[in-house]
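Student:
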Amino acid sequence: MKLIKAIVRPNKVEEVSDALQGLGISGLTVTEVRGHGKQKGHTAIYRGKEYTVNLLPKMEIDVVVDDASVEAAIKAIIQSARTGEIGDGRVFVMPVEQSFRIRTGELAV
Numbered sequence: 017m018k019l020i021k022a023i024v025r026p027n028k029v030e031e032v033s034d035a036l037q038g039l040g041i042s043g044l045t046v047t048e049v050r051g052h053g054k055q056k057g058h059t060a061i062y063r064g065k066e067y068t069v070n071l072l073p074k075m076e077i078d079v080v081v082d083d084a085s086v087e088a089a090i091k092a093i094i095q096s097a098r099t100g101e102i103g104d105g106r107v108f109v110m111p112v113e114q115s116f117r118i119r120t121g122e123l124a125v
């Protein structure tokens, strides 16, 4: 099993979720996060005063998939989240050793 963490634009969460559901991947966790990559934020004007926004709003999507589904899930995330502009996000893949169902305590597969 692998944990896929995708950092995407807030307006792309629904598209990513739909793309993953199309692959039969239904369980995911979505978290509001703030950060920046190469774009290092931007300047904005509030009440006539200019200020720098260093941490941009993003969404983190976490999904655990079996090893056979990893490549398809990554491809679906990238295709559905891409706008072609700086700040589209990142996808990280990490191994998952075990997963337990809290309700029963059994090892989930």
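17 is the number of the first residue of the sequence shown in this note's numbering; add one for each residue after it.
We treat Cβ as the ideally placed atom computed from N, Cα and C, and that holds for glycine.
(1) Can you tell me whether DSSP reads VAL32 as helix, strand or coil?
(2) Note down the Cα distance separating LYS21 from ASP78, rounded to an integer number of angstroms.
(3) Which two residues bound the contiguous alpha helix (DSSP H) that contains GLU87?
(4) Counting C-beta neighbours from all protein chains within 10 Å, is the total for ARG10 16 or more, i.e. buried, or is it exposed?
(5) Where do the ends of the beta strand (DSSP E) carrying PHE108 lie?
(6) Measuring only the C-alpha atoms, how far is THR68 from GLY51?
(7) Measure the CB-CB distance between VAL46 and VAL24 and report whether it falls below 7 Å.
(8) Strictly by DSSP, which residues pair up with ILE118?
(9) Let's test the definition: count the other Cβ atoms within 10 Å of the Cβ of VAL81 and tell me whether it reaches 16, buried, or not, exposed.
(10) Are the beta-carbon atoms of ILE93 and VAL109 separated by less than 7 Å?
(11) Go ahead and pull the three-state DSSP assignment for ASP82.
Tutor: Reading it off the structure:
(1) Residue state, collapsed to three classes: helix.
(2) Approximately 5 Å between the Cα atoms of the pair.
(3) GLU87 -> alpha helix (DSSP H) spans 86–97.
(4) The requested residue 10 does not occur in the structure, where the chain is confined to residues 17 to 125.
(5) Where PHE108 is concerned, the enclosing beta strand (DSSP E) stretches over 105–111.
(6) THR68 and GLY51: Cα-Cα distance of roughly 13 Å.
(7) In this structure, VAL24 does not lie closer than 7 Å to VAL46 by Cβ.
(8) Note: ILE118 sits in no beta bridge, so no partner.
(9) Within a 10 Å sphere around the beta-carbon of VAL81 sit 16 or more other beta-carbons, which makes this residue buried.
(10) In this structure, VAL109 does not lie closer than 7 Å to ILE93 by Cβ.
(11) In this structure, ASP82 counts as coil in the three-state DSSP scheme.
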